[in-house]
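Trainee: Let me begin by handing over the structure; questions about it come next.
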Amino acid sequence: MIYRPNEWINIKEDARVLIIGSGAAGLSLALKLEKLKIPSLIIEGGNSEYSDESQEIYNGEIVSKHNLAYGLKDSRMRYFGGSTNCWAGLCGEFDEEDFLERDWINLSGWPIFKKDLDPYYNEASKFLNIDRKKITHPNKYAKVPNLEGFQTRSLYNTFIGSFGILFDDHLKKSKLITIYLAANCTRINQNTINSNLIDSVNINSFDGVSKLIKSKNIILCCGGIENARLLLNTKTEISPAIGNHSDMLGKYFSEHPIAPCATVIGPNGKIFNMKQNWHQADNDVKAYYKIPFEIQKKFNISNSAIHFFEQEDELTKSDLSAINLYKFFKDYKNSRLDKNDFLEIIKNPIDVLSSYRQRKKRSKIRTAVRFTLEQTPNEQSKIYLGNQLDKFGQRKIKLDWKFNKIERRTVNFLMAYTADVLQKNKIGTLKMDSQLYNFKETLPLDLRGGQHHCGTTRMAISQKNGVVDKDLKVFGMKNLFVCGSSVYPTNSWVNPTFTIIALSLRLADNISNKFNN
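So the number in our numbering is just where the residue sits in the sequence shown, counting from 1, plus 8.
Here it is in structure tokens:
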């Protein structure tokens, strides 16, 4: 059943399982618990549809040189269905090595292995009605062409959008899943006698309706940023934030650095059209080519992959200044124009103005290479609380998105390796984008990002290196769990949602076992 504030204020039942957030993690968890005959209550801060009032809660400040592609506020959605409302629907599996400790990557290694998630990847594929074989064996089942030298991978496009829309009818009729809309979690209350237990949470609507909900199990499913923000806001003058005994909470923020980086040049010296000259994979998959693990290990690089696609011509300096100008006018608090932008605008005002007006009308004229990288753990890449308050008095966040040197080294190697593979396969070579030359020591500023926020409540063997254990329970707590991409110790190169769902389904089994023992 789904209730609004004027309805949920009158409901007096406590929750057996309380889920905070109705995105991919929260809804898949509740639906699995329903199959296990376990009732749950989902509280969703937003309403059934988008509103500026709810979305503003996600605002904050970006203090790093690199900005998220859509900023803090618009890179995730805050209404029923969560960020599945802006999900592209691409599903892929993490590689075996993503779960391993790699001695050249600090704090790599998960407390679980790929084999622990395999049955839940199977279950997740059924949940999303996708053919897992096209992910695990893309050459055989998805017609993805081989490229000798790379390992062939694919992302499966489910064509499923918002979970809120997809499951709306089912949830309205469900007797085991209850949903409170416009129910913003404003406080997590620890037991006054036993601080290892969470007694209840406070919720507030935008219209001032408030309620206290008691529950035996609380699961945060609010996304890669908001999970950490909720916990950080529990800090008091006499105790650290819940889950932050080792000062790990909010640290090791990671995303997927993604950017076009080169043009494919054929043997005749002209731009090579992969679409016309190479057989294509099935329409429901996108082909990717990743660096084999033994080569990653040999050259001490992170997990990474490339994707060939039809792309507009490389961005000029005027284009980049126009993009920065657009971002500045759209959200001047979280965007900045540097001196190079001002110089470009002064030197070439007509070109910048023309690019500003036609930024969405660029014609696609080249076959480009796009890289997507695993971002390795970096303690300085983090979210932390600022002094700005949201509507409910909770402190908003600041994001400092930083990279290690290994990310740039990986890009350099990836470009050289790709050029070598293309030449050996008699396809052609690469013409690198000038962005890679202009920013030789760092990643280019034209990062697209994948809206894949990870790592801020990382999973670990002990609280020394993380916030939650292998079963997603917050260290030091008996009934508080976190689910979503915030628990990823490392984030692979693969889109995170499929793995989020697999972890949610696994957590549902663990909760069921807890109730039955």
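For glycine and all other residues, C-beta sits at the position ideal for the given N, C-alpha and C. None of the values given here were measured: they were computed from a predicted structure.
Determine the extent of the alpha helix (DSSP H) in which Val-476 is found, giving its start and end residues.
Mentor: In the sequence shown, the residue the question calls residue 476 occupies position 468. No alpha helix (DSSP H) contains Val-476, which DSSP labels as neither H nor E.
Trainee: Roughly how many whole angstroms lie between the Cα atoms of Gly-79 and Ile-233?
Mentor: Counting from 1 along the sequence shown, the entry for residue 79 is found at position 71. Counting from 1 along the sequence shown, the entry for residue 233 is found at position 225. Each residue's Cα considered, the two are about 12 Å apart.
Trainee: Find the nearest neighbour of Tyr-496 within the set Leu-515, Gly-474 and Cys-193, judged by alpha-carbon distance.
Mentor: To locate residue 496, count along the sequence shown from 1; it is residue 488. The option with the nearest alpha carbon to Tyr-496 is Gly-474.
Trainee: Phe-411 and Leu-451 - do their beta-carbons sit closer together than 7 Å?
Mentor: Reading the sequence shown from its first residue, position 443 is the one you call residue 451. Reading the sequence shown from its first residue, position 403 is the one you call residue 411. Yes.
Trainee: Residues in its own chain within less than 8 Å of Lys-45 by CB, not counting five upstream and five downstream?
Mentor: What you label residue 45 is simply residue 37 of the sequence shown in a count that begins at 1. Correct list, in chain order: Leu-184.
Trainee: With 16 as the cutoff for other CB atoms within 10 Å, does Phe-167 come out buried or exposed?
Mentor: By 1-based counting over the sequence shown, the position of residue 167 is 159. By the neighbour-count rule (16 or more Cβ atoms within 10 Å), Phe-167 is not buried but exposed.
Trainee: Which same chain residues end up closer than 6 Å to Tyr-260 when comparing Cβ atoms and leaving out the 5 residues on each side of it in sequence?
Mentor: By one-based count along the sequence shown, residue 260 stands at place 252. Correct list, in chain order: Pro-385, Gly-463 and Arg-466.
Trainee: So what does DSSP say about Glu-15, is it helix, strand or coil?
Mentor: Taking the sequence shown and counting its residues from 1, the one referred to as residue 15 is at position 7. DSSP places Glu-15 in helix when its eight states are reduced to three.
Trainee: Output needed for Pro-300: all residues of its chain with C-beta closer than 8 Å, excluding positions within five of it in sequence on either side, in chain order.
Mentor: Here residue 300 corresponds to residue number 292 of the sequence shown, with the count starting at 1. Counting only Cβ-Cβ distances below 8 Å, and skipping sequence neighbours, we find Phe-158 and Gln-159.
Trainee: Relative to the C-alpha of Val-209, which residue among Lys-439, Leu-49 and Thr-507 is closest?
Mentor: Here residue 209 corresponds to residue number 201 of the sequence shown, with the count starting at 1. Among Lys-439, Leu-49 and Thr-507, the Cα nearest to that of Val-209 is on Leu-49.
Trainee: Taking only beta-carbon positions, decide if Leu-179 is within less than 7 Å of chain C.
Mentor: Note that chain C does not occur in the displayed structure, where there is just one protein chain.
Trainee: Given the structure, does Arg-237 come close to the ligand SAH, in the sense that its CB is under 6 Å from one of the ligand's heavy atoms?
Mentor: What this structure holds is no ligand at all, so the ligand SAH is not there to describe.
Trainee: Give the DSSP bridge partners of Gln-402, in chain order.
Mentor: Against the sequence shown, residue 402 aligns to sequence position 394. Paired residues: none, contrary to the question.
Trainee: Below 8 Å, can you find three or more Cβ-Cβ pairs linking the segment 55 to 74 to the segment 180 to 194?
Mentor: Touching, per the Cβ criterion.
Trainee: Could you check what DSSP says for Gln-159 in three-state terms: helix, strand or coil?
Mentor: The residue labelled residue 159 in the question sits at position 151 within the sequence shown. Reduced to three states, the DSSP call for Gln-159 is strand.
Trainee: Which full runs of the alpha helix (DSSP H) of 4+ residues lie inside the segment 177 to 203, going along the chain?
Mentor: List check, alpha helix (DSSP H) in window: nothing returned.
Trainee: Beta-carbon within less than 7 Å of Thr-505's beta-carbon, same chain only, minus the 5 sequence neighbours each way: which residues are those?
Mentor: Position 497 of the sequence shown, counted from the start, is the residue given in the question as residue 505. So the list reads Ala-32, Trp-95 and Cys-99, once near-sequence residues are dropped.
Trainee: When the Cα atoms are used, what is the spatial distance from Arg-378 to Ala-313?
Mentor: By 1-based counting over the sequence shown, the position of residue 378 is 370. By 1-based counting over the sequence shown, the position of residue 313 is 305. Whole-angstrom Cα-Cα distance: 8 Å.
Trainee: Compute the distance between the beta-carbons of Val-152 and Ala-376, then report whether it is under 7 Å.
Mentor: Position 144 of the sequence shown, counted from the first residue, corresponds to residue 152. Position 368 of the sequence shown, counted from the first residue, corresponds to residue 376. Cβ distance not < 7 Å, so Val-152 and Ala-376 don't count as in contact.
Trainee: Would DSSP call Ile-70 helix, strand or coil?
Mentor: The residue given as residue 70 occupies position 62 in the sequence shown. If DSSP states are grouped into helix, strand and coil, Ile-70 belongs with the strands.
Trainee: Any contact of the segment 266 to 284 with the segment 396 to 413, i.e. 3+ C-beta pairs under 8 Å?
Mentor: No: fewer than three Cβ pairs fall under 8 Å.
Trainee: Can you list, in chain order, the residues of its chain whose CB lies under 8 Å from that of Leu-37, leaving out five sequence neighbours each side?
Mentor: Reading the sequence shown from its first residue, position 29 is the one you call residue 37. Once the five neighbours on either side are set aside, the close Cβ partners of Leu-37 are Ile-27, Ser-48, Ile-227, Cys-229, Cys-491, Ser-512, Leu-513, Leu-515 and Ala-516.
Trainee: Determine whether the beta carbon atoms of Pro-13 and Ser-223 lie at a separation below 7 Å.
Mentor: On the sequence shown, position 5 is the one that residue 13 refers to. On the sequence shown, position 215 is the one that residue 223 refers to. In this structure, Ser-223 does not lie closer than 7 Å to Pro-13 by Cβ.
Trainee: Closest by CA to Tyr-58, which one among Leu-430, Met-85 and Arg-110?
Mentor: The residue given as residue 58 occupies position 50 in the sequence shown. Of Leu-430, Met-85 and Arg-110, the residue nearest in Cα terms is Met-85.
Trainee: Quick check: the Cα distance between Thr-271 and Ser-442, rounded to an integer number of angstroms?
Mentor: Taking the sequence shown and counting its residues from 1, one reaches residue 271 at position 263. Taking the sequence shown and counting its residues from 1, one reaches residue 442 at position 434. The alpha-carbon atoms of Thr-271 and Ser-442 are separated by roughly 11 Å.
Trainee: For the beta strand (DSSP E) that Gln-396 lies in, which residues bound it at each end?
Mentor: The residue labelled residue 396 in the question sits at position 388 within the sequence shown. Per DSSP, Gln-396 belongs to the beta strand (DSSP E) from 390 to 397.
Trainee: Determine the DSSP secondary structure at Thr-380, reduced to helix, strand or coil.
Mentor: By one-based count along the sequence shown, residue 380 stands at place 372. Residue state, collapsed to three classes: strand.
Trainee: Going by C-alpha to C-alpha distance, which of Asn-487, Ile-17, Gly-34 and Ser-470 sits closest to Met-256?
Mentor: For the purposes of this step, residue 256 is taken as the residue at position 248 of the sequence shown. Closest option to Met-256, Cα to Cα, is Ser-470.
Trainee: Could you check the C-alpha separation between Thr-92 and Pro-275 for me, to the nearest Å?
Mentor: Looking up residue 92 in the sequence shown gives position 84. Looking up residue 275 in the sequence shown gives position 267. Whole-angstrom Cα-Cα distance: 42 Å.
Trainee: How would you call Ile-201, buried or exposed, if buried means at least 16 neighbouring beta carbons within 10 angstroms?
Mentor: Here the question's residue 201 lines up with position 193 in the sequence shown. The residue in question, Ile-201, is exposed, as its Cβ has fewer than 16 Cβ neighbours within 10 Å.
Trainee: In whole angstroms, give me the CA-to-CA distance for Lys-20 and Lys-180.
Mentor: Position 12 of the sequence shown, counted from the first residue, corresponds to residue 20. Position 172 of the sequence shown, counted from the first residue, corresponds to residue 180. In a straight line, the C-alpha of Lys-20 is about 19 Å away from that of Lys-180.
Trainee: When the Cα atoms are used, what is the spatial distance from Ile-120 to Asn-18?
Mentor: What you label residue 120 is simply residue 112 of the sequence shown in a count that begins at 1. What you label residue 18 is simply residue 10 of the sequence shown in a count that begins at 1. Taking the straight line joining both Cα atoms gives about 42 Å.
Trainee: Do you know how far the Cα of Leu-438 is from the Cα of Met-423?
Mentor: The sequence position of residue 423 within the sequence shown is 415, counting from 1. The sequence position of residue 438 within the sequence shown is 430, counting from 1. Rounded to the nearest angstrom, the two C-alpha atoms are 8 Å apart.
Trainee: Return helix, strand or coil for Ser-91, following the three-state DSSP convention.
Mentor: Stepping through the sequence shown from its first residue, residue 91 is reached at position 83. It is helical.
Trainee: Could you tell me which residues DSSP pairs with Cys-462 in its beta bridges?
Mentor: Looking up residue 462 in the sequence shown gives position 454. According to DSSP, Cys-462 bridges with Ser-262.
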